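**Q**
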Amino acid sequence: MKSLVLAEKPSVARDLARVLGCTNKQKQYIEGPKYIVTWALGHLVELKMPEDYDPQFKTWKMEDLPIIPDKMGLKLIKQTTAQFKGIERLSKRKDINEFIIATDAGREGELVARWILEKIHWKKPVQRLWISSQTDRAIKDGFKNLKPAKQYDSLYESAVCRAEADWLIGLNVTRALTTKYDDPLSAGRVQTPSLAMILDREKEIQSFVPKDYWTIQAKIGLLSASWDHHGEKRIFDEQKAKTILDKIQNKQAKVKTANSKEKSEQQPLPYDLTELQRDANRRFGFSAKKTSNVLQGLYEQHKLVTYPRTDSRYLTTDMENTMLDRIDALQSVYKDEVQPALRQKGKVLAKRVFNNEKVSDHHAIIPTDERPRLNDLSPDERKLYDIIVRRFLALFYPIFKYETIHVTFDVAGENFSSQESIVIDSGFKSVTGKSENEDHQLQRLSNMKPGQTFTVNQAKIDKKMTEPPQRFNESDLLARMEKYGLGTPATRADIIEKLLSSESIDRQNNRLHPTPKGKQLIELVNKELKSPELTAKWENELEKIARGKGQSKEFLQNIRKQTKELVSEVKKSNKAYKAHNITGSKCPECSSLMKEIKGRDGRVLVCSNRDCNFRRRKDPKLSNKRCPQCRKKMEMHNGKAGMYFQCRRCNLVEKAEKQKKAVSKREEKQLLKKYSSEESFGNSLADALKAAMKEKE
Numbered sequence: 001m002k003s004l005v006l007a008e009k010p011s012v013a014r015d016l017a018r019v020l021g022c023t024n025k026q027k028q029y030i031e032g033p034k035y036i037v038t039w040a041l042g043h044l045v046e047l048k049m050p051e052d053y054d055p056q057f058k059t060w061k062m063e064d065l066p067i068i069p070d071k072m073g074l075k076l077i078k079q080t081t082a083q084f085k086g087i088e089r090l091s092k093r094k095d096i097n098e099f100i101i102a103t104d105a106g107r108e109g110e111l112v113a114r115w116i117l118e119k120i121h122w123k124k125p126v127q128r129l130w131i132s133s134q135t136d137r138a139i140k141d142g143f144k145n146l147k148p149a150k151q152y153d154s155l156y157e158s159a160v161c162r163a164e165a166d167w168l169i170g171l172n173v174t175r176a177l178t179t180k181y182d183d184p185l186s187a188g189r190v191q192t193p194s195l196a197m198i199l200d201r202e203k204e205i206q207s208f209v210p211k212d213y214w215t216i217q218a219k220i221g222l223l224s225a226s227w228d229h230h231g232e233k234r235i236f237d238e239q240k241a242k243t244i245l246d247k248i249q250n251k252q253a254k255v256k257t258a259n260s261k262e263k264s265e266q267q268p269l270p271y272d273l274t275e276l277q278r279d280a281n282r283r284f285g286f287s288a289k290k291t292s293n294v295l296q297g298l299y300e301q302h303k304l305v306t307y308p309r310t311d312s313r314y315l316t317t318d319m320e321n322t323m324l325d326r327i328d329a330l331q332s333v334y335k336d337e338v339q340p341a342l343r344q345k346g347k348v349l350a351k352r353v354f355n356n357e358k359v360s361d362h363h364a365i366i367p368t369d370e371r372p373r374l375n376d377l378s379p380d381e382r383k384l385y386d387i388i389v390r391r392f393l394a395l396f397y398p399i400f401k402y403e404t405i406h407v408t409f410d411v412a413g414e415n416f417s418s419q420e421s422i423v424i425d426s427g428f429k430s431v432t433g434k435s436e437n438e439d440h441q442l443q444r445l446s447n448m449k450p451g452q453t454f455t456v457n458q459a460k461i462d463k464k465m466t467e468p469p470q471r472f473n474e475s476d477l478l479a480r481m482e483k484y485g486l487g488t489p490a491t492r493a494d495i496i497e498k499l500l501s502s503e504s505i506d507r508q509n510n511r512l513h514p515t516p517k518g519k520q521l522i523e524l525v526n527k528e529l530k531s532p533e534l535t536a537k538w539e540n541e542l543e544k545i546a547r548g549k550g551q552s553k554e555f556l557q558n559i560r561k562q563t564k565e566l567v568s569e570v571k572k573s574n575k576a577y578k579a580h581n582i583t584g585s586k587c588p589e590c591s592s593l594m595k596e597i598k599g600r601d602g603r604v605l606v607c608s609n610r611d612c613n614f615r616r617r618k619d620p621k622l623s624n625k626r627c628p629q630c631r632k633k634m635e636m637h638n639g640k641a642g643m644y645f646q647c648r649r650c651n652l653v654e655k656a657e658k659q660k661k662a663v664s665k666r667e668e669k670q671l672l673k674k675y676s677s678e679e680s681f682g683n684s685l686a687d688a689l690k691a692a693m694k695e696k697e
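With full-length UniProt numbering applied, the sequence shown has no gaps in its numbers, which climb one by one up to 697 at the end.
(1) Could you check where the alpha helix (DSSP H) with A225 kicks off and where it finishes?
(2) Counting C-beta neighbours from all protein chains within 10 Å, is the total for H229 16 or more, i.e. buried, or is it exposed?
(3) For the ligand FMN, is there any heavy atom lying closer than 7 Å to the beta carbon of M634?
(4) First and last residue of the beta strand (DSSP E) that includes L605?
(5) Nearest by alpha-carbon distance to L273: which of N293, K549 and R444 is it?
(6) Short check: CB of K401 to CB of S260, under 8 Å?
(7) Going by beta-carbon coordinates alone, are P66 and V525 separated by less than 8 Å?
(8) When DSSP builds the beta bridges, which residues end up paired with R507?
(9) Nearest by alpha-carbon distance to N510: which of F99, G285, A149 and K240 is it?
(10) Based on Cα-Cα distance, which residue from P450, Q277, Q557 and M62 lies nearest to A479?
(11) Give the straight-line distance between the Cα atoms of A17 and I30, rounded to the nearest whole angstrom.
(12) Using CA coordinates, which residue listed in S591, I169, T257 and L6 is at the minimum distance from S91?
(13) Distance, Cα to Cα, L185 vs K517?
(14) According to DSSP, is C161 part of a helix, a strand, or is it coil?
(15) Using only CA atoms, which one of G642, M636, E657 and K71 lies nearest to R648?
(16) Sort out for me which residues DSSP pairs N473 with in a bridge.
(17) Just checking my contact of A218 with I198 at CB under 8 Å: how many whole Å lie between their CB atoms?
(18) Name the residue from L223, A258 and W214 whose alpha carbon lies nearest to the alpha carbon of K240.
(19) Which residues in the same chain as T23 place their Cβ atom closer than 7 Å to its Cβ, once the five residues preceding and following it in sequence are excluded?
(20) Helix, strand or coil for A102, going by three-state DSSP, please let me know.
(21) Between the Cα of G427 and the Cα atoms of A412, D410, R391 and Y644, which residue gives the shortest distance?
(22) Do you know offhand how far K85's Cα is from R137's?
(23) Does the beta-carbon of N581 have 16 or more other beta-carbons within 10 angstroms, so that it is buried, or is it exposed?
(24) Does DSSP classify N683 as helix, strand or coil?
(25) State buried or exposed for L222, treating a residue as buried only when at least 16 other CB atoms are found within 10 Å of its CB.
(26) Using three-state DSSP, classify E88 as helix, strand or coil.
(27) Is K75 closer than 8 Å to G42 when the C-beta atoms are compared?
(28) Quick check on the burial criterion: 16 or more other C-beta atoms within 10 angstroms. Buried or exposed for E363?
(29) Taking the beta strand (DSSP E) that D212 falls in, what are its first and last residues?
(30) How is the alpha helix (DSSP H) around A176 delimited, first residue to last?
(31) Go ahead and label E238 buried or exposed: buried means 16 or more other beta carbons lie within 10 angstroms of its beta carbon, across all protein chains shown.
(32) Look at the alpha carbon of N683 and the alpha carbon of I77, and state the distance between them as a whole number of angstroms.
(33) Excluding the 5 residues flanking E533 on each side, which residues of the same chain have their C-beta closer than 8 Å to its C-beta?
(34) Ordered along the chain, which non-local residues of its own chain (more than five positions away) have a Cβ less than 6 Å from that of P69?
(35) So, I131 versus I87, is the Cβ gap smaller than 8 Å?
(36) Rounded to the nearest angstrom, what separates S446 and I405 at their Cα positions?
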């Protein structure tokens with residue numbers, strides 16, 4: 001008898017099959033003596049859409065809302081039906097006696113597998129592979145220690161609740177707002193409070209009134225000192241600043257106090273996903289989504305790091321004996337940096353990192369025992385891998401020790417101060433590097449004694465202006481989302497991308513700006529929906545359900561009740577909305593004004609009348625065809641003689657070959673093969689396939 005193993009995607013399936021000795025490669029699976037490994041392509045099954053319950057719901061109408069099915073149903077995703085059918089056929093083989101879930105070891109991976117099991121009506125035993133890295137050793141150990149799938153029933157229950165809550169609130173409120181205000185307006189239980197936080201910051205900036213202030217710097221002996229009144233170094237009265245300046249010029253400065261204090265800083269804990277996204281944004285300008293994608297490659301393709309979508313920054317105590325193997329693997333690239341760890345035989349100095357109570361599904365992101373080959377990594381992968389490794393190595397270094405010296409001076413009755421820091425022991429900072437705010441001066445204050453006098457050689461005032469708070473970058477927003485419990489480490493990047501793609505916010509110089517559409521949207525939505533407290537309460541309930549301590553039935557009842565209230569409020573609202581993207585152009589078919597929207601490959605003009613389907617491109621469409629002279633992508637145009645390509649730079653025109661009217665079965669299979677080999681989560685495969693097939697039209 002054999003076990004049927006389900007991986008989340010083909011690339012993972014190939015690795016599992018190789019380790020399990022499966023060599024008989026078929027179209028939809030790889031078979032071996034004991035195992036048959038097959039794969040999903042992200043989600044193969046999804047919640048039914050409104051029109052699947054009743055065809056009349058295909059047209060968005062306010063009178064149909066809220067749409068709340070008595071029981072939420074499942075359906076196959078059309079583009080990946082063939083793969084589902086392949087799994088279904090395998091499940092009916094009489095030589096298969098158990099199913100092993102080997103999808104991603106997390107909430108979404110559990111949902112991918114369980115919905116497939118539900119649709120194929122699996123009745124035989126089910127086991128769960130739960131591993132935190134994709135190395136051969138981890139896979140072998142994982143298959144030796146399979147868990148009963150029932151252990152993860154609560155996780156599945158939580159995943160279903162989350163999916164249904166997002167469907168009920170997101171779909172109904174989005175339809176209500178869109179039909180009410182005749183413009184695509186997207187809302188959801190996580191994205192709306194996230195947008196609200198960006199708008200709150202924008203209001204702070206707009207209401208900010210700048211003020212002039214002055215600071216006074218004095219050269220006392222060889223030192224620089226600042227005017228300081230009980231910690232306040234700003235003077236908001238120009239005349240007062242000038243009076244103090246005149247008062248201290250060329251006067252004697254007497255040391256009042258000279259205090260030194262030894263301080264220390266503990267080693268930082270390893271990364272969880274959110275902290276890594278924040279650090280990568282600060283250091284490299286990576287978006288949260290980019291960090292997730294690069295990290296997934298390090299985990300899945302290169303097998304250099306542990307499970308990426310973790311919310312823990314701690315390790316379990318049983319991992320202590322794996323440290324030396326991980327250090328040994330890093331020697332070839334980090335020869336000097338690993339020496340302290342090798343001398344200690346892999347002994348971790350930051351003992352607080354080992355805490356079983358602070359690890360739920362997965363531990364912190366750390367290097368695996370796989371030897372890195374930097375030539376195989378892209379520049380972005382190298383950057384991310386390097387900060388993960390250095391953060392890990394910090395655990396084997398001593399704490400950072402330094403001394404701060406604070407000196408105050410009396411100059412003609414005015415108080416001036418100077419401060420410096422002296423490094424005693426670089427500790428872990430010798431491997432992680434200095435922090436952004438670290439500035440160690442020359443040791444000029446260490447010999448200062450009260451009563452000493454110096455001459456003020458030079459003094460000046462600087463005029464400055466108070467500044468408004470900065471707009472959030474992604475690092476700031478991720479920190480806020482984490483603080484208020486909005487989303488999970490695995491979903492926060494997608495929430496930010498959704499706000500960007502819906503044109504509710506815009507990214508400018510790594511800062512997130514609300515758009516006119518986003519500003520209006522927040523004014524239209526229910527006060528509770530934009531409150532982070534409500535969403536945090538929901539997230540807390542979902543976490544309780546995942547731990548087996550919550551009530552899913554009660555949670556969904558509350559969500560259904562909330563959905564009705566949210567839709568009712570939109571219906572009753574008398575708030576006004578003006579589409580931000582209305583142009584002066586008129587539709588040639590119905591004379592309504594045209595809207596300008598952002599498409600996948602440029603700006604598009606669409607008719608504002610929802611009953612009219614007229615649309616045309618504003619920007620020329622770029623093809624994949626390259627200009628033979630400058631090698632830039634050529635524009636695609638439709639003329640009287642048919643389609644042609646044009647390079648504006650070189651003024652070169654080429655007629656296109658005759659296009660097929662439809663995609664053949666063979667082409668469809670090739671597209672499926674192309675996209676299924678790439679990273680695929682949720683419905684991203686379906687989106688990519690649709691986009692690719694549309695190109696053929």
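Beta carbons: idealized from backbone N, C-alpha and C, even for Gly. Since the model is a prediction, treat every value here as computed from it, not as a measurement.
**A** So, from the data block:
(1) Careful: A225 lies outside any alpha helix (DSSP H), inside the beta strand (DSSP E) at L223 to W227.
(2) exposed
(3) What this structure holds is no ligand at all, so the ligand FMN is not there to describe.
(4) G602 to C607
(5) That would be N293, whose Cα lies nearest to the Cα of L273.
(6) no
(7) no
(8) L512
(9) It is G285 whose Cα lies nearest to the Cα of N510.
(10) Q277
(11) 7 Å
(12) L6
(13) L185 and K517 have their C-alpha atoms roughly 8 Å apart.
(14) helix
(15) M636
(16) N473 pairs with nothing; no bridge assigned.
(17) About 42 Å separates the two Cβ atoms, so there is no contact after all.
(18) W214
(19) G32
(20) strand
(21) R391
(22) 32 Å
(23) N581 is buried by the Cβ-count criterion.
(24) In this predicted model, N683 has a pLDDT of only 43, less than 50, meaning its place in the structure is not dependable; the value taken from the coordinates is given anyway. If DSSP states are grouped into helix, strand and coil, N683 belongs with coil.
(25) Taking every protein chain shown into account, the CB of L222 has fewer than 16 other CB atoms within 10 angstroms, so this residue is exposed.
(26) The answer is helix: DSSP assigns E88 an H, G or I state.
(27) no
(28) As written in the sequence, residue 363 is His, which differs from the Glu given in the question. Buried, because 16 or more other Cβ atoms sit within 10 Å of the Cβ of H363.
(29) D212 to I220
(30) N172 to Y181
(31) exposed
(32) In this prediction, N683 has a pLDDT of 43, which is less than 50 and means its spatial position is unreliable; what the coordinates show is noted afterwards. N683 and I77: Cα-Cα distance of roughly 8 Å.
(33) Excluding sequence neighbours, E533 sits near Y484.
(34) Around P69: Y53.
(35) no
(36) 7 Å
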